[in-house]
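J.: In the numbering used here, the protein residues as written are 595 to 1000.
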Amino acid sequence: MLKFTIQKKLEGTLGRAGVIETAHGEIKTPAFVAVGTKATVKALTAEQIRSLGAQVVLANTYHLYLQPGEDIVAQAGGFGPFMDWHGPTMTDSGGFQAFSLGAAFGTAVSKIATGDEVEDVSVHSGQLAHVTDEGVTFKSHLDGSKHLFTPESSMDIQWKLGADMIFAFDECTSPTAPYEYQKKSLARTYDWAKRSLARHNELDTAKRQSLFAVIQGGRFQDLREEAARTLGALAASSEYGEGFDGYGIGGSFTKEDIGTAVGWVNALLPEDKPRHLLGIGEPLDLFNAVEAGCDLFDCIAPTRMGRHGTLHTSRGRLNIRNAQFVDQFLPIEEGCMCYTCQHHTRAYLAHLFRADEMTAATLASIHNLHFILRLVENIRESILNDTFHQYKKDFLAQYYPPTVSL
RNA sequence: GCGUCGGUGGUAGAGCGGUCAAUUACAUCAGACUGUAAAUCUGACGCCUUCGGGCUACGAAGGUUCAAAUCCUUCCCGGCGCA
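#1: Could you name each continuous beta strand (DSSP E) segment of 3 residues or more that falls completely within the stretch 793-845, going from the start of the chain to the end?
#2: Does ASP714 come out as helix, strand or coil in the three-state DSSP assignment?
#3: Would you call PHE598 buried or exposed, if buried means 16 or more other Cβ atoms sit within 10 Å of its Cβ?
#4: Helix, strand or coil, according to DSSP, for ASN882 in the structure here?
#5: Going by DSSP, name the residue or residues bridged to LEU871.
#6: Taking the alpha-carbon positions, what's the HIS718 to GLU746 distance?
#7: So LYS1057 is in the beta strand (DSSP E); what residue range does that whole segment cover?
#8: Look up GLY903 in the DSSP assignment and say whether it is helix, strand or coil.
#9: From this set, ILE914, HIS983, GLN649 and SER908, which residue's C-alpha is nearest TYR993's C-alpha?
#10: Using the Cβ count rule (16 or more neighbours within 10 Å means buried), how would you classify ALA895?
#11: Beta-carbon separation of GLY609 and GLY887 under 7 Å?
#12: Tell me the DSSP secondary structure of ALA648 in three-state form.
#13: Check THR683 in the structure and name its three-state DSSP category.
#14: How would you call LYS987, buried or exposed, if buried means at least 16 neighbouring beta carbons within 10 angstroms?
#15: With DSSP as the reference, identify every bridge partner of PHE763, one or two as the case may be.
#16: Report the rounded CA-to-CA distance for ALA941 versus GLY903, giving the unit in angstroms.
#17: So, do the stretch 859-875 and the stretch 973-983 have three or more beta carbon pairs nearer to each other than 8 Å?
#18: Of the residues ILE852, PHE881 and ASP839, which one's Cα is nearest the Cα of GLU865?
#19: Using 10 angstroms around the beta-carbon of MET759, count the other beta-carbons present and answer buried if the total reaches 16, otherwise exposed.
#20: Nearest by alpha-carbon distance to ALA917: which of ALA944, ARG901, GLU927 and MET899 is it?
#21: Rounded to the nearest angstrom, how far is the Cβ of ARG802 from that of ALA617, given a contact under 8 Å?
#22: Which two residues bound the contiguous alpha helix (DSSP H) that contains LEU912?
#23: Please report the residue range of the alpha helix (DSSP H) in which LEU967 lies.
#24: Which value, in whole angstroms, describes the spacing of the CA atoms of LEU604 and TYR933?
#25: Since PHE743 is in the beta strand (DSSP E), which residue starts that stretch and which ends it?
#26: What is the rounded straight-line gap between the Cα of LEU862 and the Cα of VAL856?
#27: When you compare only the Cα positions, how much space is there between ASN972 and HIS741?
#28: Can you give the Cα-Cα distance for TRP679 and ALA792, rounded to whole angstroms?
#29: Work out the CA separation of PRO996 and MET677 for me, nearest whole Å.
#30: Sorted by chain position, which residues of the same chain lie with C-beta nearer than 7 Å to THR655's C-beta, five sequence neighbours on each side aside?
This is how it looks when you write it as structure tokens:
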């Protein structure tokens, strides 16, 4: 059972710093969750994840179900022990794959809308997932075999995967989906949340796992608020036992107002439960979302971008494959305390990337994850110290220099 | 010396009379990536351009043709075979 304590509120905003206590240790929030989709943070060993100071690792239901199968993971004692991670853990429900293998499959559509997307094309010939009220039918991206996920089966699988915190099965909609579809989908996600909770209560009578509901609603304020209200109210309902232990905020956003949309939701959600903003991890978004009341974040960006050669520095991103770095015998960032910066130069990293050496991915992931983990830690500290607003202003001014208008 | 095969853009290697500034891969130069389908994907990659096009190119020089990287001649260079 999860215990969440708010230590300090960020005055005049929805933000707060706190502590989540789990059976596998505590999480100081706001916190960045390392993503270990297939029970591995790509390119990193568990020892490296620990050294980085990550507090929680999140794995994925869809991926572990397909491979190696939830029963194998259960035999290992859960995905944490399986990968030699003994701290707090989470699993995502597989709902995101309704989007990434469904509407978004084979397209350039990201869950973060830029505004340039074409209107929703509800039928994509190549997609691997199909959503109905019952659940989501998938074709495995590995071998094409057909599978059905329902709220119940997602709970069953997540039970076997054994994480401390799990998510209700939801539909992550496309930002290109029209209002009517978002509304319909939201009703379905609400229904699925109730079904998830009911199954969770059946399975987990000892309350070993904590269940987070997922707020959807796309980019529409009324839908987001409706989701927060209805799912928030469910927590207080005796019909569903103790209700949800926390809330995930998922789905699609417009780049400009992630903070705004998250604020609509957090203003209505029960204050005493942790809120996890799903899949968000760019510096600007982290500041805005913390300020808007989020406690947890997970994101693949640090590791994926790292593998692809894009590295964070306090003065913005740098692409280590660029020609200018081949003979720069300096760390990625002077003063960075990560293993990579303490031991290696830009020139070495540039060489490893160009030579396609696997170590490039490891060293880059270490640096980026270190950067984002420290950033969120610093944000937490700044809330406790009452320096959040100044820290935000200073950080963003350096990271995103104002563009010079000609 | 004779015979034979071949010399294509940074590299390898297609093309074998017009639709070729030349398939493709790699390299190079940039860009993207937000609950991982991703060690992935996208764009550029002869020179110039008012973006319509113009110019110079397929070892070299000639030639045939309305038209040549593609056919012919000679030369240069390389592989192989025979002397």
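Beta carbons are placed, not taken as given, at the ideal position from N, Cα and C, and that holds for glycine.
T.: Short version:
#1: Counting only runs of 3 or more residues that sit fully inside the stretch 793-845, the beta strand (DSSP E) segments are 804-809 and 840-843, in chain order.
#2: Its pLDDT being 47, under 50, ASP714 is placed unreliably by the model, and the measurement read from it follows with that caveat. For ASP714, the secondary structure class from DSSP, reduced to helix, strand or coil, is coil.
#3: In the assembly as shown, PHE598 is a buried residue. Its beta-carbon has 16 or more other beta-carbons within 10 Å.
#4: In the structure shown, ASN882 adopts helical secondary structure according to DSSP, grouped into three states.
#5: Residue pairing for LEU871: DSSP places it in a beta bridge opposite ILE843 and PHE891.
#6: With a pLDDT of only 48 at HIS718, under the threshold of 50, the placement of this residue in the model should not be trusted; the figure read from the coordinates follows. In this structure, the straight-line span from the alpha carbon of HIS718 to that of GLU746 is close to 27 Å.
#7: What the structure shows of the chain is the stretch from 595 to 1000, and residue 1057 is not part of that stretch, so it cannot be assessed.
#8: In the three-state reduction of the DSSP assignment, GLY903 falls in the coil class, being assigned neither a helical nor a strand state.
#9: Considering only alpha carbons, the answer is SER908.
#10: If you draw a 10 Å sphere on the C-beta of ALA895, you find 16 or more other C-beta atoms in it, and that means buried.
#11: Taking 7 Å as the Cβ cut-off, GLY609 and GLY887 qualify as a contacting pair.
#12: Reduced to three states, the DSSP call for ALA648 is coil.
#13: It is a strand residue.
#14: Flag for LYS987 reads exposed.
#15: For PHE763, which the question treats as bridged, DSSP gives no partner whatsoever.
#16: Straight-line Cα distance between these residues: approximately 13 Å.
#17: Remark: fewer than three beta-carbon pairs, one from each stretch, lie closer than 8 Å, so the stretch 859-875 and the stretch 973-983 are not flagged as touching.
#18: The residue among ILE852, PHE881 and ASP839 with its C-alpha nearest the C-alpha of GLU865 is ASP839.
#19: Buried: at least 16 other Cβ atoms inside 10 Å.
#20: Relative to the Cα of ALA917, the nearest Cα in the group ALA944, ARG901, GLU927 and MET899 belongs to ALA944.
#21: Going by Cβ atoms, the distance from ARG802 to ALA617 rounds to 7 Å, so yes, they are a contact pair.
#22: The continuous stretches of alpha helix (DSSP H) do not include LEU912, which lies in the beta strand (DSSP E) extending over residues 910-913.
#23: Here the alpha helix (DSSP H) through LEU967 covers 952-978.
#24: LEU604 and TYR933: Cα-Cα distance of roughly 32 Å.
#25: In this chain, the beta strand (DSSP E) harbouring PHE743 covers 740-743.
#26: Computed Cα separation, rounded: 10 Å.
#27: Taking the straight line from one Cα to the other gives about 43 Å.
#28: For the pair TRP679 and ALA792, the Cα-to-Cα distance works out to about 29 Å.
#29: Computed Cα separation, rounded: 43 Å.
#30: Around THR655: THR685, ASP686, SER687, GLY688, SER748, ILE751, GLN752 and LEU755.
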